[in-house]
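**Q**
Numbering (the numbering used here), first residue to last: 39 to 142.
Written out as structure tokens, the structure is:
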């Protein structure tokens, strides 16, 4: 497995947009749908050391192992660390995540 490097902050969002279809295909293969970006990338205040935060809806039967593979494959595709958050696991105090989340 290759290591993930940090992407120029000016290019991180464009890389995500350029590879949108691939991101969605990989997510679907792992039982995730309705992929949204949140956090610093969604707010356009990310740095070279930011990760890409993705909020997803998970289908039935999706395991932590599958989420780990999804995270790894997306990190490799985007050449940047990716964090996956299940919308079903959010608590009321996480309402800001849903508010700022943007569809890919």
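Glycine included, each C-beta is placed from N, C-alpha and C at the ideal position. In this text the structure is predicted, and so the values were computed from the model without any measurement.
How many whole angstroms separate the CB atoms of residue 139 and residue 80, which I take to be in contact at a CB cut-off of 8 Å?
**A** Your numbering for residue 139 matches position 101 in the chain shown. Your numbering for residue 80 matches position 42 in the chain shown. About 7 Å separates the two Cβ atoms, so the contact holds.
**Q** With 16 other CB atoms within 10 Å as the buried threshold, where does residue 124 fall?
**A** Reading the chain shown from its first residue, position 86 is the one you call residue 124. Residue 124 should be labelled exposed.
**Q** Measure the C-alpha to C-alpha separation of residue 77 and residue 84 and round it to an integer number of angstroms.
**A** For this step, residue 77 is matched to residue 39 along the chain shown. For this step, residue 84 is matched to residue 46 along the chain shown. The straight-line gap from Cα to Cα measures roughly 8 Å.
**Q** Roughly how many angstroms lie between the CA atoms of residue 131 and residue 59, to the nearest whole one?
**A** Here the question's residue 131 lines up with position 93 in the chain shown. Here the question's residue 59 lines up with position 21 in the chain shown. Cα to Cα, residue 131 sits roughly 31 Å from residue 59.
**Q** Let me know the secondary structure DSSP gives residue 108 once reduced to three states.
**A** Here the question's residue 108 lines up with position 70 in the chain shown. It is helical.
**Q** Have a look at residue 98 and residue 71 and give me their C-alpha separation to the nearest angstrom.
**A** Residue numbering aside, residue 98 sits at position 60 when the chain shown is read from its first letter. Residue numbering aside, residue 71 sits at position 33 when the chain shown is read from its first letter. Taking the straight line joining both Cα atoms gives about 11 Å.
**Q** Please name the residue or residues paired with residue 121 in a DSSP beta bridge.
**A** Numbered from its first residue, the chain shown carries residue 121 at position 83. Residue 121 is bridged to 91.
**Q** Can you have a look at residue 82 and say buried or exposed, based on whether 16 or more other CB atoms are within 10 angstroms of its CB?
**A** To locate residue 82, count along the chain shown from 1; it is residue 44. Counting Cβ neighbours within 10 Å, residue 82 comes out exposed, since fewer than 16 surround it.
**Q** So what does DSSP say about residue 51, is it helix, strand or coil?
**A** Start at 1 with the first residue of the chain shown, and residue 51 comes out as number 13. The answer is helix: DSSP assigns residue 51 an H, G or I state.
**Q** Indicate the three-state DSSP secondary structure (helix, strand or coil) for residue 57 in the structure shown.
**A** By 1-based counting over the chain shown, the position of residue 57 is 19. In the structure shown, residue 57 sits in coil (DSSP, three-state: anything other than H, G, I, E or B).
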